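According to mature numbering (1 follows the signal peptide of the UniProt record, and there is no 0), the stretch in the sequence shown is residues -22 to -1, 1 to 179, in order.
Just so it is clear, CB atoms sit at the ideal spot from N, CA and C, and this is done for glycine as well.
None of these values were measured; they are calculated from a predicted model.
Here's the structure, in C-alpha cells; my notes come after.
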Amino acid sequence: MKHLVGAVVALLGLITVQNVRAQNGTVTDNDVFVCYDHLVTKIRDLNGGFLTQEQGIDLTNRVGKQYLDGVPLPQIANNMRTTTQEILLPNQTAVFADVFNKTVAILGSRQIAEDLYKQANNLTLDFIASDQKDIDDAIASLRAQNASVPAIKQRICQLLYGMVTLQKKKDLSKNICNLIPQDKQQAVKEQLSRVINLKDV
C-alpha cells in the first residue's frame, strides 16, 4: 500500500493552473501559509477532496522544508509515504487499503500491483524533475540575495502555480495508464478514482 500512497500523493502534488502574484516587502510565515492554502485548494478542486485542506497544507509544508534542506526528490517521495500514512484518518487508511487490495485482485498478483505503483511513482518523480531546474535556479538566486526562508518558500509555491497544469496531469495519467495491461486499465482506473478525480483524463 505504501507505493499506492506515494504515487497518488505525488500525483496530487502536480495539479494546479494559476500563477500567484509575488508580494512586495517582507514575506511572513502567514504569507507562505496563504500561498500554500491557495495551492492546496486548487489541487483539491482538480483532484477531489480525498485529502483534507489541512492534510494538504501539512504535506506541502513538509515537502517544501525538505526540499530547501537539500533532500533529493526520491527521498522526499519515500518520506511522503510515511508522512501520509501518519496523517491519514482511519477511514482514509481503510479506503487506501481497499483500493490496493482490489487492484491486486484485478491484476492477479500483489507483486504486479506493487511493481505498478513503484513504476507510477518513478514516472511521477520524473515528471516533477522536468521543472526542477527552474525551481533550483530561483532558490539559488534568492539565496544569493540573502532572501528569507519564508520568501523562498513563497516563491517555490508561486512557481508551482505556473508550472503545474491540467495538461500535465493528463499526460502523466496517460503514461501511468500505459503501464497497466489494456484489458485491466478501466477496472484499475475505477479503483484509483476512489482517491483521485480522474474524470478529466
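Residue span of the alpha helix (DSSP H) that contains residue i, given as start and end
{"i": "Asn39", "result": "31 to 46"}
{"i": "Asp109", "result": "Looking at the DSSP string, Asp109 is not in any alpha helix (DSSP H), and its letter there is neither H nor E."}
{"i": "Gln164", "result": "163 to 170"}
{"i": "Leu67", "result": "Segment: none, Leu67 is in no alpha helix (DSSP H) and carries neither H nor E."}
{"i": "Phe11", "result": "7 to 25"}
{"i": "Leu176", "result": "Neither: Leu176 is in no alpha helix (DSSP H) and is coded neither H nor E."}
{"i": "Pro128", "result": "127 to 141"}
{"i": "Gln123", "result": "Gln123 -> no alpha helix (DSSP H), and no H or E assigned at all."}
{"i": "Ile158", "result": "That residue, Ile158, is in no alpha helix (DSSP H); it is neither H nor E in DSSP."}
Pair within 8 angstroms by beta-carbon distance, residue i and residue j
{"i": "Val10", "j": "Gln132", "result": "yes"}
{"i": "Thr102", "j": "Val166", "result": "no"}
{"i": "Val179", "j": "Phe74", "result": "no"}
{"i": "Leu51", "j": "Ile117", "result": "no"}
{"i": "Val127", "j": "Leu46", "result": "yes"}
{"i": "Ile54", "j": "Ala98", "result": "no"}
{"i": "Leu120", "j": "Ser151", "result": "no"}
{"i": "Asn57", "j": "Gln44", "result": "yes"}
Euclidean distance between Cα positions of residue i and residue j
{"i": "Gly34", "j": "His16", "result": "11 angstroms"}
{"i": "Ala72", "j": "Phe78", "result": "10 angstroms"}
{"i": "Asp112", "j": "Ala129", "result": "16 angstroms"}
{"i": "Arg40", "j": "Gly86", "result": "36 angstroms"}
{"i": "Met141", "j": "Asp109", "result": "7 angstroms"}
{"i": "Gln145", "j": "Leu24", "result": "12 angstroms"}
{"i": "Asn2", "j": "Ala91", "result": "Interpretation of Asn2 is limited by its pLDDT of 44, a score under 50 that renders its predicted location unreliable; the figure taken from the coordinates is listed afterwards. So the alpha carbons of these two residues sit roughly 48 angstroms apart."}
{"i": "Gly27", "j": "Tyr139", "result": "19 angstroms"}
{"i": "Gly42", "j": "Gln163", "result": "33 angstroms"}
{"i": "Arg22", "j": "Thr30", "result": "8 angstroms"}
{"i": "Asn69", "j": "Ala125", "result": "42 angstroms"}
{"i": "Gln89", "j": "Asn100", "result": "16 angstroms"}
{"i": "Thr20", "j": "Ala83", "result": "Reading off the sequence, residue 20 comes out as Lys, not Thr. Between Lys20 and Ala83, the C-alpha separation is close to 33 angstroms."}
{"i": "Val18", "j": "Glu32", "result": "9 angstroms"}
{"i": "Lys96", "j": "Val5", "result": "38 angstroms"}
{"i": "Asp7", "j": "Asp149", "result": "34 angstroms"}
{"i": "Gln160", "j": "Ser171", "result": "17 angstroms"}
Anticipated Cβ contact below 8 angstroms, residue i with residue j, distance rounded
{"i": "Leu94", "j": "Ile158", "result": "7 angstroms"}
{"i": "Cys13", "j": "Gln123", "result": "Contact doesn't hold; Cβ gap of about 19 angstroms is too wide."}
Quiz prompt | Contiguous alpha helix (DSSP H) assignments of at least 4 residues, all confined to the stretch 67 to 103 | solution = 68 to 85
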